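Residue numbers (my numbering), protein chains in the order written: chain A, 46 to 181; chain B, 46 to 181.
Quick reminder that beta carbons are idealized off the backbone N, C-alpha and C, glycines included.
It should be emphasised that the depicted structure is a prediction, and the values quoted were computed from it without experimental measurement.
Each remark here refers to the structure printed beneath this line.
There are 2 protein chains.
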Amino acid sequence: MNISENQNTIFPKGERAPGDYFTGTVWIKMLVPNDLTLNCQIANVVFEPGARNSWHTHPGGQILIVTDGAGYYQEKGKPIQLLHKGDVVNIPPGVEHWHGASHVSGFTHIAVNPNTQKGMVLWLERVTDEEYNSFK
Amino acid sequence: MNISENQNTIFPKGERAPGDYFTGTVWIKMLVPNDLTLNCQIANVVFEPGARNSWHTHPGGQILIVTDGAGYYQEKGKPIQLLHKGDVVNIPPGVEHWHGASHVSGFTHIAVNPNTQKGMVLWLERVTDEEYNSFK
């Protein structure tokens, strides 16, 4: 074992996230596809430094479980919050938000989308560099 | 950093799990308490070697995300399955099952309980040593 490796890698990186809804390099590994029994979609998401998703909402809400690195979370109209490994974010239904890596660190989270019978995600505008750089 | 430490510890161990529903030493850290908005309870569970929960069902189903170690999962009437870091188990509503560490390794998983508006858990009988030792 090479101890310079990232010891917290739990899942394979998966597929490149679609550029339409992400800025920078993001990898998505689907862990639980949505179905009509569990009503819950779960994915592991790896953001390279500087990468983020676009503003969006979830009709059924979302939970982020940070498993590695450092990243940002912002709700519309509020300051950016810094997140680290072990942090958990509960996002109520309909709250406009984005998440991604910090400027200097990669960022990995598990994203849990419950209540998918209400819908999965509504994508909105991109997070601009000005918005992303507003972190203090 | 001491490289002999477990590098995959993401969350604090939390509280000892109640002996009524667990055999051996188990630690539970609540990550997302149930509420009426997300309808989803999430906990991190650490089983010491040989430890397991009792047979039980979830009215809304459950998803297990294995983050460290090696453990067992069994559905009633089926053989025990061996689980490792990175494995994900989807448990449909009402399916009787138990999970826990292997004989020789600790085991850590995130447990996601969706659809909690249908109920959380129904505890049943203990997993006997004979059942636990049936792993081949």
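Residues of the stretch 98-115 of chain A with a Cβ closer than 9 Å to any Cβ of chain B, in chain order: GLY105, GLY106, GLN107, ILE108, ILE110, VAL111, THR112 and ASP113.
In this structure, the beta-carbon distance from GLU141 (chain B) to GLU120 (chain B) falls below 8 Å. Contact between GLY164 (chain A) and GLY105 (chain A) holds: their C-beta atoms lie close to 7 Å from each other, under 8 Å. Per DSSP, reduced to three states, the secondary structure at GLU93 (chain B) is coil, with no helix or strand assignment. Contacts with chain A (Cβ-Cβ distance below 7 Å) from the stretch 80-96 of chain B involve THR82, LEU83, ASN84, CYS85 and ILE87, listed in chain order. Put simply, the backbone Cα of GLU170 (chain B) is about 13 Å away from that of TYR177 (chain B).
If only uninterrupted alpha helix (DSSP H) runs of at least 4 residues are considered, none is enclosed by the stretch 62-149 of chain A. Note that the C-beta distance between THR153 (chain B) and ASN98 (chain B) is not below 8 Å. Not a single CB atom of chain B sits nearer than 8 Å to the CB of ILE73 (chain A).
Nearest to ILE73 (chain B) by alpha-carbon distance, out of B:ILE87, B:THR82, B:THR173 and B:PRO124, is B:ILE87. Contact residues of the stretch 128-142 of chain B toward chain A are LYS130, GLY131, VAL133, ASN135, PRO137 and PRO138 (C-beta to C-beta distance below 8 Å). About 6 Å separates the Cβ atoms of LYS130 (chain B) and VAL111 (chain B), confirming a contact at the 8 Å cut-off.
Distances from the alpha-carbon of VAL166 (chain B) to those of B:SER150, B:PHE180 and B:ILE136 put B:ILE136 closest. For LEU167 (chain B), no chain A residue has a Cβ inside 9 Å of its Cβ, as the nearest lies near 17 Å away.
Excluding the 5 residues flanking it on each side, TYR66 (chain B) has same chain C-beta neighbours closer than 8 Å at ASN98, SER99, HIS101 and TRP168, in chain order. THR161 (chain A) sits in a helix when the DSSP states are folded into three classes. If you draw a 10 Å sphere on the C-beta of PHE56 (chain B), you find 16 or more other C-beta atoms in it, and that means buried. The beta carbon of PHE152 (chain B) sits no closer than 8 Å to any beta carbon of chain A. Counting only the Cα atoms, VAL157 (chain A) lies some 14 Å from ASN79 (chain B).
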